[in-house]
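S.K.: Structure below; questions to follow.
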Amino acid sequence: MSRSPSLPDTPTRDIDPDLPDSERLEALREHFEQLVEANEQLTTQLEAARERQSSLKAQADRTQRENETLKSSSLYLATVEDLMENEVIVKQHGNNQEVLTEVSPQFSDRLDPGDRVAVNDSFGIQRILSAETDARAQTMEITAKPEVTYADIGGIDEQVREVREAVEQPLTQPELFDSVGIEPPAGVLLYGPPGTGKTMLAKAVANETDATFIKMAGSELVRKFIGEGSRLVRDLFEMAREREPAVIFIDEIDAIAARRTESKTSGDAEVQRTMMQLLSEMDGFDERGDIRIIAATNRFDMLDDAILRPGRFDRLIEVPEPDEEGRKQILEIHTRRMNVDDDVDFAALAEATEGFSGAEIESLSTEAGMFAIRSERTNVTHEDFEAALEKIEAGESEIINSANYFFD
Ligand SMILES: Nc1ncnc2c1ncn2[C@@H]1O[C@H](COP(=O)(O)OP(=O)(O)OP(=O)(O)O)[C@@H](O)[C@H]1O
Ligand SMILES: [Mg+2]
Numbered sequence: 001m002s003r004s005p006s007l008p009d010t011p012t013r014d015i016d017p018d019l020p021d022s023e024r025l026e027a028l029r030e031h032f033e034q035l036v037e038a039n040e041q042l043t044t045q046l047e048a049a050r051e052r053q054s055s056l057k058a059q060a061d062r063t064q065r066e067n068e069t070l071k072s073s074s075l076y077l078a079t080v081e082d083l084m085e086n087e088v089i090v091k092q093h094g095n096n097q098e099v100l101t102e103v104s105p106q107f108s109d110r111l112d113p114g115d116r117v118a119v120n121d122s123f124g125i126q127r128i129l130s131a132e133t134d135a136r137a138q139t140m141e142i143t144a145k146p147e148v149t150y151a152d153i154g155g156i157d158e159q160v161r162e163v164r165e166a167v168e169q170p171l172t173q174p175e176l177f178d179s180v181g182i183e184p185p186a187g188v189l190l191y192g193p194p195g196t197g198k199t200m201l202a203k204a205v206a207n208e209t210d211a212t213f214i215k216m217a218g219s220e221l222v223r224k225f226i227g228e229g230s231r232l233v234r235d236l237f238e239m240a241r242e243r244e245p246a247v248i249f250i251d252e253i254d255a256i257a258a259r260r261t262e263s264k265t266s267g268d269a270e271v272q273r274t275m276m277q278l279l280s281e282m283d284g285f286d287e288r289g290d291i292r293i294i295a296a297t298n299r300f301d302m303l304d305d306a307i308l309r310p311g312r313f314d315r316l317i318e319v320p321e322p323d324e325e326g327r328k329q330i331l332e333i334h335t336r337r338m339n340v341d342d343d344v345d346f347a348a349l350a351e352a353t354e355g356f357s358g359a360e361i362e363s364l365s366t367e368a369g370m371f372a373i374r375s376e377r378t379n380v381t382h383e384d385f386e387a388a389l390e391k392i393e394a395g396e397s398e399i400i401n402s403a404n405y406f407f408d
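Set out below in structure tokens:
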């Protein structure tokens with residue numbers, strides 16, 4: 001470690017005030033030149049010191065990184081939620097635990113909320129994940145407990161019962177199946193028109209069982225991860241095996257299990273590979289252990305027959321559009337937290353909403369609420385619902401319901 005270089009003397013000069021002006025000027029000029037020179041010298045020294053400082057800082061950072069690597073064993077994935085001066089709040093994937101953790105200077109200015117990071121046992125941030133690792137972590141979303149319950153689902157009681165039998169019971173009462181001597185279904189496929197509650201149903205099952213719920217959207221997989229699909233499927237099942245009992249939910253499965261097409265683009269080949277991997281994971285059912293698989297699609301017509309063979313998705317449950325009674329139930333569910341007048345006639349609305357899906361009924365309720373707000377009321381009247389209905393039927397509604405689509 002080198003010592004700091006010695007500083008040049010500060011030039012000083014006493015000038016006799018009685019000197020004639022010209023001599024005084026000369027003396028001052030000389031003094032000024034000395035000062036400039038000293039200043040130059042100091043600037044050079046300062047620059048050298050700065051350089052040295054930054055090289056030392058780089059060294060220190062490297063050492064700190066090494067130190068952290070040495071300290072860390074395997075890392076957990078987390079998402080940065082909020083940034084403060086020297087601390088961040090991260091939320092760990094899997095258990096959704098939120099923690100306040102210190103962040104080392106090497107990361108502090110490279111972090112943004114939403115970034116995915118790897119943390120060690122003491123939640124110290126070790127790495128900011130690259131887009132690829134990031135994507136893999138994101139696709140497989142482990143939800144501790146989705147918030148949907150069976151009570152939030154209207155008009156499809158029969159389907160709810162079937163799903164519970166096929167997914168929940170084998171998890172909660174496996175001895176029942178043992179003693180009767182039958183195998184529970186390998187996979188359950190929910191199919192039916194958009195917005196009828198398929199995704200909700202899968203989430204509700206997860207809520208009611210103590211199993212880990214791992215969700216993967218087929219469309220996400222294909223859109224972002226060409227070349228990675230089959231590996232992701234493998235990871236997905238591996239993750240489930242590590243956490244059994246587990247429910248794997250593959251939403252929009254048509255994206256990876258569409259019927260083989262004639263086209264030979266590389267994208268299609270990738271999708272094929274992803275699906276083959278899925279089939280082989282499902283065929284290895286014996287080793288699969290306590291894992292239930294639910295998939296959902298609104299494009300049943302597009303599915304490859306291969307995924308419907310015995311031992312794969314061998315329990316099909318159709319989730320139809322709600323009938324009149326179902327629509328009434330769904331209306332009641334979605335207005336539970338709304339301030340609706342007693343004169344609102346749900347039966348009449350149910351009758352008038354022939355052909356509406358659950359999602360569309362949700363939009364209707366929101367739109368009716370908007371009419372109330374526009375008239376500066378806090379209560380929603382039957383007329384609000386009628387106005388909403390009219391607007392929706394005229395195709396003028398801008399409300400996007402929670403499933404993010406409207407009138408497919
Ligand atoms: N049966 C239902 N009971 C209550 N709400 C429903 C029902 N069906 C749909 N909804 C409402 O519509 C929204 C979308 O439903 P969901 O995502 O389950 O549809 P989906 O069947 O999965 O549709 P898609 O095939 O387009 O994925 C839900 O969040 C809910 O608010
Ligand atoms: Mg869905």
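Position 270 (the sequence shown) corresponds to 270 in UniProt numbering; numbering is contiguous. Even glycine gets a Cβ: it sits at the ideal position worked out from N, Cα and C. Predicted model only: the values in this text are computed from it and were never measured.
Does the pairing of the region 112-124 with the region 79-92 give three or more beta-carbon distances under 8 Å?
M.R.: These segments touch.
S.K.: Name, in chain order, the residues that DSSP records as bridge partners for Y150.
M.R.: As a working mapping, residue 150 is identified with position 150 in the sequence shown. As DSSP reads the structure, Y150 sits in no beta bridge.
S.K.: Closest to E390 by C-alpha separation, out of S375, S365, E376, I373, would be which residue?
M.R.: Here residue 390 is taken as the residue at index 390 of the sequence shown, counted from 1. Among S375, S365, E376, I373, the Cα nearest to that of E390 is on S365.
S.K.: Helix, strand or coil for D121 per DSSP?
M.R.: For the purposes of this step, residue 121 is taken as residue 121 along the sequence shown, with counting starting at 1. Coil, per DSSP.
S.K.: Going residue by residue through the region 290-370, where are the continuous alpha helix (DSSP H) segments of at least 4 residues, counting only ones entirely within it?
M.R.: 324-334, 346-352
S.K.: Would you decide whether K57 is buried or exposed? Buried here means 16 or more other CB atoms lie within 10 Å of its CB.
M.R.: Position 57 of the sequence shown, counted from the first residue, corresponds to residue 57. K57 comes out exposed.
S.K.: Count the other CB atoms within 10 Å of the CB of F356; is the residue buried (16 or more) or exposed (fewer)?
M.R.: What you label residue 356 is simply residue 356 of the sequence shown in a count that begins at 1. Answer is buried; the Cβ neighbour count reaches 16.
S.K.: Is it the case that the region 174-183 contacts the region 338-351, given that we only count it when at least three CB pairs across the two stretches are under 8 Å?
M.R.: no
S.K.: Would S219 pass as an interface residue toward chain D - the criterion being a Cβ-Cβ separation below 8 Å?
M.R.: Looking at the structure shown, chain D is missing, and only one protein chain is on hand.
S.K.: Quick check on the DSSP output: the beta strand (DSSP E) that includes T79 runs from which residue to which?
M.R.: Taking the first residue of the sequence shown as 1, we reach residue 79 at position 79. Run containing T79: 76-83, per the beta strand (DSSP E) assignment.
S.K.: When you compare the CB positions of I248 and A240, do they come within less than 8 Å of one another, or not?
M.R.: Stepping through the sequence shown from its first residue, residue 248 is reached at position 248. Stepping through the sequence shown from its first residue, residue 240 is reached at position 240. Taking 8 Å as the Cβ cut-off, I248 and A240 qualify as a contacting pair.
S.K.: Taking the alpha-carbon positions, what's the R24 to T44 distance?
M.R.: Residue mapping note: residue 24 aligns to position 24 of the sequence shown, counting from 1. Residue mapping note: residue 44 aligns to position 44 of the sequence shown, counting from 1. Roughly 30 Å separates the two Cα atoms.
S.K.: When every heavy atom of ligand 2 is checked, does at least one fall within less than 7 Å of the C-beta of T381?
M.R.: On the sequence shown, residue 381 is found 381 positions in, with the first residue counted as 1. Flag unset: Cβ of T381 not near ligand 2.
S.K.: In chain order, what residues of the same chain have a beta carbon less than 8 Å from the beta carbon of residue 429, not counting five sequence neighbours either side?
M.R.: This structure gives no information on residue 429, because the portion of the chain shown stretches from 1 to 408.
S.K.: For I156, which three-state DSSP category applies?
M.R.: Position 156 of the sequence shown, counted from the start, is the residue given in the question as residue 156. DSSP places I156 in coil when its eight states are reduced to three.
S.K.: What first and last residue would you give for the alpha helix (DSSP H) that runs through V205?
M.R.: Residue 205 sits at position 205 when you count from the first residue of the sequence shown. 198-208 is the span of the alpha helix (DSSP H), which, as asked, contains V205.
S.K.: Should D251 be listed as close to ligand 2, given that the test is whether its C-beta is under 7 Å from any heavy atom?
M.R.: For the purposes of this step, residue 251 is identified with residue 251 of the sequence shown, where counting begins at 1. Distances from the CB of D251 to the heavy atoms of ligand 2 include at least one below 7 Å.
S.K.: Does at least one heavy atom of ligand 1 sit under 7 Å from the Cβ of D152?
M.R.: If you number the sequence shown from 1, residue 152 lands on position 152. Within the cutoff, so yes.
S.K.: Expressed to the nearest angstrom, what Euclidean distance is found between the alpha-carbon atoms of P310 and T335?
M.R.: Walking along the sequence shown from the start, residue 310 turns up at place 310. Walking along the sequence shown from the start, residue 335 turns up at place 335. Cα to Cα, the separation comes out at about 41 Å.
S.K.: Rank N67, P194, E208, M275 by C-alpha distance to the C-alpha of A232 and give the top, closest one.
M.R.: As a working note, residue 232 is residue 232 in the sequence shown. Residue identity check: residue 232 is Leu in the sequence provided, not Ala. It is M275.
S.K.: DSSP three-state label for L46, please.
M.R.: Residue mapping note: residue 46 aligns to position 46 of the sequence shown, counting from 1. Of the three classes helix, strand and coil, the one that applies to L46 here is helix, per DSSP.
S.K.: May I ask you to report which of helix, strand or coil DSSP gives D134?
M.R.: Counting from one through the sequence shown, the residue named residue 134 turns up at place 134. Unreliable placement is indicated for D134, whose pLDDT of 48 sits below 50; the coordinate value is still reported in the next sentence. The answer is helix: DSSP assigns D134 an H, G or I state.
S.K.: If you run the structure through DSSP and keep just helix, strand and coil, what is Q59?
M.R.: Counting from one through the sequence shown, the residue named residue 59 turns up at place 59. Note: Q59 maps to helix in three-state DSSP.
S.K.: Could you give the distance in angstroms between the alpha-carbon of Q272 and the alpha-carbon of I256?
M.R.: Along the sequence shown, one-based indexing puts residue 272 at 272. Along the sequence shown, one-based indexing puts residue 256 at 256. Approximately 7 Å between the Cα atoms of the pair.
S.K.: How long is the line joining the alpha carbons of H160 and L201, rounded to whole angstroms?
M.R.: To locate residue 160, count along the sequence shown from 1; it is residue 160. To locate residue 201, count along the sequence shown from 1; it is residue 201. According to the sequence displayed, residue 160 carries Val and not His. Distance between the alpha carbons of V160 and L201 is about 7 Å.
S.K.: Give me the DSSP bridge partner(s) of K91.
M.R.: The residue labelled residue 91 in the question sits at position 91 within the sequence shown. Answer is T79, E98, bridged to K91.
S.K.: Please work out which residues of its chain come closer than 8 Å, Cβ to Cβ, to K7, disregarding the five sequence neighbours upstream and downstream, and give them in chain order.
M.R.: The residue given as residue 7 occupies position 7 in the sequence shown. The sequence given here has Leu at residue 7, not Lys. The answer, listed in chain order, is L42, Q45.
S.K.: Who are the near neighbours of R312 in its chain, counting only those whose CB is closer than 7 Å to its CB and skipping five residues on each side?
M.R.: Along the sequence shown, one-based indexing puts residue 312 at 312. For R312, where only same-chain residues beyond five positions count, the Cβ hits under 7 Å are A186, G187, L279, M282.
S.K.: Among E354, F346, E87, which residue has its Cα nearest to the Cα of F385?
M.R.: By 1-based counting over the sequence shown, the position of residue 385 is 385. Per the Cα distances, F346.
S.K.: Is the region 316-329 touching the region 202-220, taking contact as three or more C-beta pairs under 8 Å?
M.R.: no
S.K.: Assuming G187 is part of the beta strand (DSSP E), what are its boundary residues?
M.R.: As a working mapping, residue 187 is identified with position 187 in the sequence shown. Start and end: 187-191.
S.K.: Any idea which residues DSSP pairs I128 with across the strands?
M.R.: Along the sequence shown, read from residue 1 onward, the residue named residue 128 stands at position 128. I128 pairs with V117.
S.K.: List the DSSP bridge partners of G271.
M.R.: On the sequence shown, residue 271 is found 271 positions in, with the first residue counted as 1. Reading the sequence as shown, one finds Val at residue 271 and not Gly. For V271, which the question treats as bridged, DSSP gives no partner whatsoever.
S.K.: Following a CB-centred definition, is A296 positioned closer than 7 Å to any heavy atom of ligand 2?
M.R.: Residue mapping note: residue 296 aligns to position 296 of the sequence shown, counting from 1. True, at least one ligand heavy atom lies under 7 Å from that Cβ.
S.K.: Let's test the definition: count the other Cβ atoms within 10 Å of the Cβ of E321 and tell me whether it reaches 16, buried, or not, exposed.
M.R.: For the purposes of this step, residue 321 is identified with residue 321 of the sequence shown, where counting begins at 1. Buried, because 16 or more other Cβ atoms sit within 10 Å of the Cβ of E321.
S.K.: Is F300 closer than 8 Å to Y191 when the C-beta atoms are compared?
M.R.: The residue given as residue 191 occupies position 191 in the sequence shown. The residue given as residue 300 occupies position 300 in the sequence shown. Yes, Cβ-Cβ distance for Y191 and F300 is below 8 Å.
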